Amino acid sequence: MTVIIVDLWIGIPYTMLIVSGILMNIPEDLYEAARIDGASPFVMFTKITMPYVLFVTTPYLITQLVGNINNFNVIYFLTGGTPATLDYYQAGKTDLLVTWLYKLTVNSRDYSYAATIGILVFIICSLLSLITFRRSASYQNEEAFQ
């Protein structure tokens, strides 16, 4: 629970700063036109605000996802991967793939296993990133946001 709280404490302020900057730059004309057409606040949020925010933040959200998959510093410095368990080869209960990879290379010098994990982390992160970005509005309609 502590790891999650610390990770949120680090990430939320930066995300809020980005989102508030985006919200301030949405043209007021769009909201005015929607009000004239009789749109409710919920419709304005779903048709104007969220598409603008997601359009700009999709690459950032993908980067955050990959960063959290590879979040070595928070896990290692707070818990060190402990408590230890025999369920996984050299991995503790709070280890991520990256901290497990570090333990395999530094503690047991099992380089081939660590290299395999590193390659798998790269493949997982790159496939998730490519699939998500290719399906996003940021990729499909690059000129829409001006």
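If you want this note's numbering, it's the position in the sequence shown, counting the first as 1, plus 2. Where is the CB? At the ideal position from N, CA and C, for every residue including glycine. All values derive from a computational prediction rather than experimental measurement.
- Put simply, the region 29-47 does not touch the region 58-66. Fewer than three CB pairs are less than 8 Å apart.
- A distance of 8 Å or more separates the beta carbons of S131 and V55.
- Rounded to the nearest angstrom, the Cβ distance from V21 to T59 is 7 Å, consistent with a contact under 8 Å.
- Sorting L88, T96, N72 and A117 by C-alpha distance to the C-alpha of V5 places T96 at the top.
- Put simply, the backbone Cα of T17 is about 12 Å away from that of D9.
- The C-beta separation of T101 from F74 comes to about 6 Å, placing the pair in contact by the 8 Å criterion.
- Nearest Cα to P85 within the set Q142, G94, I12 and L103: G94.
- Taking C-alpha positions only, I24 is separated from G82 by approximately 37 Å.
- Cβ atoms of I77 and L98 come within 8 Å of each other, at about 6 Å.
- The secondary-structure analysis by DSSP pairs A116 with nothing; it has no beta-bridge partner.
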